[in-house]
């Protein structure tokens, strides 16, 4: 039997000073029948958790001290602490009931309970093996299901994460991880195992990670390993509760009725609560949850058989009021993770995706031709933006597909160098693959998009744009219908293909839809906004139509509005969308040049068929002027904007427009030695910071005192610390 002192100390240390004062008062009053009260002379006003635990164990013994503590915690309404204590008592096989219950279970009843549990466990494992054993690789030329263990690559997962609430755009979060190498790595299979220095049993884990970084596939691998009895065999029952599927549950349910939907085998158990310390509930995708989770005002709910809304059930499940000893694993994108108060989470982990070494390993595994793999790796390293994005596994898949399709007949200068170029190629390649798969057409990147393909892309773009504004990555039938997408023919739309837009049956029943990755949604949203301007003469970014007072909508006006809206976003959630939107105009600039005769003009002709202006509109086709106006607008904002992080994204926008004059100018001043003798304006400070961050190098020391600039300039230079080992 485990030592009772550890859970006792843990519970008392969870109490704040006022709560501890109430605890001492009830302890001295003798509120629990059958136990003597603690003499007031022994309990001092300054008695802390250690003093109280010591006094209680000396007077009552270890197990009775726990029973008394559990009772008083409930009396003073510290139910969360009580639930955690009871869970720890059950896990360490300390009798949490004692005189509080007359429950008497015979050995034969225990044997029957064990047999029932094993039957249910085996049935659930069989079911989950069939659900999670095979997976369709998101980006492939065939889209065929493969055995998960054959394609799974270990991801870099750390304990703790940053510990901060980070709701910046997730691409910016990737760019900020270069120095974060001191966090403790943790295996996915060990999420609920204590480290040597940890005393508290881990029963609730929150795993954070940006979209597409590998949270869901990590969940699937964990479940499959358990179902195949390769790991965590001490867990009796695993029930996946994916938020995207829970969103469809509008009615009231009891907790047991809800669990029966996802694990009908549980109906064979007489009493789940008797083994709930061996149950793991996995809630994947908190950021996708559309139920209200109110941790401050939600009603207390502890009856597993009493119906209520799904939001109330989930809130009380996470708080520990329902099945208090059950293990819970929640995954979420970083911004949404902050809605769960830290007191309900025992461990926070973060999925980091691929390290630099894992990126190269991935490309070498994915591309069987060693020479081709080396070329791809070399090219990716020439673009820091692309290489940074390869921390995301799905982006590695996209890159491998694009380069594998292009390297055979493309010159180095013709390969994608910006994010926009990469995603344009991806869209074209996937469309060709779809036409080959469904129509038997030989893929030809120089062929124009068909009218049906163009219509499909625009409808998906409209959906992407509307849902991006709402912050939604998961869509349902009503969302598709609102964009003119025939739900009955959803499989045809997903055939653009599953690599761009997926239809799923949820984990169990209803249909849900999603783009494979947030960046694909952002790219298609940008295509929709761009095409609405150049073909329909509409600025969809404006609340009121810009056609009211003039015949044409200028693309530069659309760009200015996009810059304005993106900068107003508190968390930069439109930053990547803005980069794509501006990058598309750069492609148009080349597309509209009839004298373009390079090999890449095949791509330009293809995009021209899709993005060229409608002749019925008087839209200005002098895109050189438009791009120059946009560049001047961005430079003005770089000087005006005070938030240093936002100026960095504006430099990314200039990069998409192929304008690097500001960066070249500051680097020339550095190389000539004139920088140290002049005062640096804030925009030059941002240019230097951007150049350092994009260099891919880590500086040994950053000395702010070496730069002559204003306080605003110094604040912008501080962003350089992300690429430095030491600062002063």
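Residue numbers (full-length UniProt numbering): 1 to 728. We put the CB at the ideal spot given by N, CA and C, even for glycine.
query, result
"Could you tell me if residue 39 is buried or exposed, where buried requires 16 or more neighbouring beta carbons within 10 angstroms of its beta carbon?", "exposed"
"Nearest-angstrom Cα distance between residue 85 and residue 570?", "40 angstroms"
"Could you check what DSSP says for residue 84 in three-state terms: helix, strand or coil?", "helix"
"Hey, quick one: how far does the alpha helix (DSSP H) through residue 555 stretch, first residue to last?", "555-568"
"Would you kindly work out how many angstroms separate the C-alpha atoms of residue 80 and residue 244, rounded to a whole number?", "27 angstroms"
"Hey, out of 706, 376, 280 and 384, whose CA is closest to residue 398's CA?", "376"
"Am I right that residue 580 and residue 645 are in contact with their C-beta atoms under 8 angstroms? What's the rounded C-beta distance?", "Wrong, their Cβ atoms sit about 19 angstroms apart, outside the cutoff."
"Please list the terminal residues of the continuous beta strand (DSSP E) segment that includes residue 387.", "Premise fails: residue 387 lies in the alpha helix (DSSP H), 384-389, not in any beta strand (DSSP E)."
"Going by C-alpha distance, which of 414, 15, 566 and 676 is nearest residue 649?", "566"
"Taking 8 angstroms as the threshold (C-beta atoms), are residue 667 and residue 631 in contact?", "no"
"For the beta strand (DSSP E) containing residue 282, name the first residue and the last one.", "279-283"
"Please determine, among 705, 713 and 417, the residue with the shortest C-alpha to C-alpha distance to residue 684.", "713"
"So is residue 655 buried or exposed if we call it buried at 16+ other beta carbons inside 10 Å?", "buried"
"Please classify residue 475: does DSSP put it in a helix, a strand, or coil?", "strand"
"Nearest CA to the CA of residue 332: which residue from 214, 380, 76 and 344?", "214"
"What number of angstroms, rounded off, separates the C-alpha of residue 309 from the C-alpha of residue 205?", "24 angstroms"
"Name the residue from 351, 414 and 366 whose alpha carbon lies nearest to the alpha carbon of residue 379.", "414"
"Evaluate residue 549 with the Cβ neighbour count: other Cβ atoms within 10 Å of its Cβ, from every protein chain shown; 16 or more gives buried, anything less gives exposed.", "Residue placement at residue 549 is flagged as unreliable, the pLDDT there being 49, under the threshold of 50; a coordinate-derived value is accordingly withheld."
"So which of 302, 313 and 277 has the shortest CA-CA distance to residue 294?", "313"
"So, using beta-carbon positions, are residue 707 and residue 724 closer together than 8 angstroms?", "no"
"Using CA coordinates, which residue listed in 627, 517 and 680 is at the minimum distance from residue 216?", "517"
"To the nearest whole angstrom, what separates the beta carbons of residue 27 and residue 72, a pair I think is in contact under 8 angstroms?", "6 angstroms"
"Hey, residue 265 and residue 120 are a contact pair by Cβ (cut 8 angstroms); roughly how many whole angstroms apart?", "5 angstroms"
"Cutting at 8 angstroms between CB atoms, please list the residues of its own chain near residue 336, excluding the five before and the five after it.", "286, 287 and 289"
"Distance cutoff 8 angstroms, beta carbons only. Does residue 235 sit that close to anything in chain B?", "Of the protein chains in this structure there is only one, and it is not chain B."
"Could you tell me the alpha carbon to alpha carbon distance between residue 585 and residue 370, rounded to whole angstroms?", "36 angstroms"
"Let me make sure I understand the geometry here. Which of 669, 158, 560 and 678 has the alpha-carbon closest to that of residue 653?", "560"
"How do the stretch 121-128 and the stretch 356-364 stand: do at least 3 beta-carbon pairs fall below 8 angstroms, yes or no?", "no"
"Helix, strand or coil, according to DSSP, for residue 192 in the structure here?", "coil"
"Between which two residues does the alpha helix (DSSP H) holding residue 528 run?", "518-534"
"Please work out which residues of its chain come closer than 8 angstroms, Cβ to Cβ, to residue 733, disregarding the five sequence neighbours upstream and downstream, and give them in chain order.", "Residue 733 lies beyond the stretch modelled for the chain, which goes from 1 to 728, so this question has no answer here."
"Please report the straight-line C-alpha distance between residue 179 and residue 722, rounded to a whole angstrom.", "With a pLDDT of 47 at residue 179, under the threshold of 50, the predicted position of this residue should be treated as unreliable, though the coordinate-derived value follows. If I take the Cα positions, the gap works out to 6 angstroms."
"Pick helix, strand or coil for residue 406, following the three-state DSSP scheme.", "helix"
"Give me the Cβ distance between residue 282 and residue 348, rounded to the nearest whole Å; I'm assuming they're in contact under 8 angstroms.", "That pair is no contact at about 16 angstroms."
"Less than 7 angstroms separating the Cβ of residue 427 from some heavy atom of the ligand GTP?", "As presented, the structure is devoid of all ligands, the ligand GTP included, so that no description of it is given."
"Going by beta-carbon coordinates alone, are residue 89 and residue 55 separated by less than 8 angstroms?", "no"
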